[in-house]
Amino acid sequence: MSRLAGLILVLAVLLGGAFFWQWQSRQPAAPEAVTPVPAPAAPGGQATPPGPAASAAGDAATAAGSAADAAADAAAVAADVAAEASKAAEGTAIPPLDDAARQAQTAAEAAIRAAADAADAAAEADAGAAARDPQDTATAAEAAGSAARAAGAAVSDATEAAREAIGIDRLLTPEGFNAEKVAALIDNSNLDPAQRESLKTIVAAASSSPAMLRSALEQVRAVLR
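Going by the numbering used here, the letters in the sequence shown line up with residues 45 to 269, in that order.
Structural data, given as structure tokens:
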């Protein structure tokens, strides 16, 4: 699982830089400096306000940017909880724990992809707003919102998987001990039948004494590594 932990750490570190680069690289190029032309004066000497189309495009671009920010935050959270799951599974050979950590990693990767999609859509919405094209901007904003929702769903999946991994790890402590669940954990391991029965007997015999139980659970953890 150390390779998994390293991958998640790299993803988390690169997340902020990647989104900043994507956002900046897709911004419309700044126009060359020109002498500003005053807007036609409205009756009463006031400048003509932006039309409804320009206002709608600007609002949609703002919404797309907010969705992209939310997606990026969600992806960062997913990477964090996946790292926690990986830490819980580090060095073990317990299939349910390893599977949960991998599920958290997969969900975190999905959140990162969704956040990248949201950043792309937000940049397109910005371009549409600059061109005062409300239709294109609204379409891009909708895409950004969908990507943000996908990132949120991936965070939920990552959190659930991480919770499962951490819960399994906690089973092997006196504070989180549950006799039936620990027995099932041993049964689902890759140990041979004789080892499984021996471990379950040791745990059952130690269950009435906290000090002995801690030692027995540490033995289970060591054997399952």
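All C-beta atoms, glycine included, are put in the ideal place defined by N, C-alpha and C. Predicted model only: the values in this text are computed from it and were never measured.
Residue i, DSSP secondary structure in three states
i           : result
residue 267 : helix
residue 115 : helix
residue 104 : helix
residue 175 : coil
residue 186 : helix
residue 134 : coil
residue 69  : With a pLDDT of only 39 at residue 69, under 50, the local geometry of the prediction cannot be trusted, and no value is derived from it.
Closest residue to residue i among the options (Cα-Cα distance)
i           : options               : result
residue 225 : 240, 215, 219 and 127 : 215
residue 249 : 237, 133, 227 and 128 : 227
residue 174 : 106, 142 and 200      : 106
residue 115 : 148, 197 and 230      : 197
residue 159 : 231, 194 and 129      : 194
residue 176 : 256, 100 and 187      : 100
residue 187 : 266, 166 and 199      : 166
residue 277 : 182, 189 and 210      : No information on residue 277 is available, as it lies outside the stretch 45 to 269 that the chain covers here.
residue 218 : 207, 261 and 208      : 261
residue 230 : 200, 268, 256 and 252 : 268
residue 191 : 212, 220, 200 and 155 : 155
residue 110 : 265, 163 and 258      : 163
residue 189 : 232, 113 and 266      : 113
residue 128 : 241, 263, 213 and 236 : 213
residue 255 : 221, 232 and 234      : 221
Assumed close pair residue i, residue j - CB separation to whole angstroms, cut-off 8 angstroms
i           : j           : result
residue 144 : residue 202 : Contact flag wrong, Cβ pair sits at about 10 angstroms.
residue 180 : residue 172 : 4 angstroms
residue 141 : residue 133 : 5 angstroms
residue 257 : residue 251 : 6 angstroms
residue 108 : residue 199 : About 20 angstroms; that fails the 8 angstroms criterion.
residue 223 : residue 104 : Contact flag wrong, Cβ pair sits at about 57 angstroms.
Residue i Cβ short of 6 angstroms to the ligand ADP heavy atom set
i           : result
residue 261 : Among the components modelled here there is no ligand, and therefore nothing to report on the ligand ADP.
Fully enclosed by the region 194-262, which alpha helix (DSSP H) runs are 4 residues long or longer? Entirely contained in the region 194-262, the alpha helix (DSSP H) runs reaching 4 residues are, in chain order, 223-231 and 237-250.
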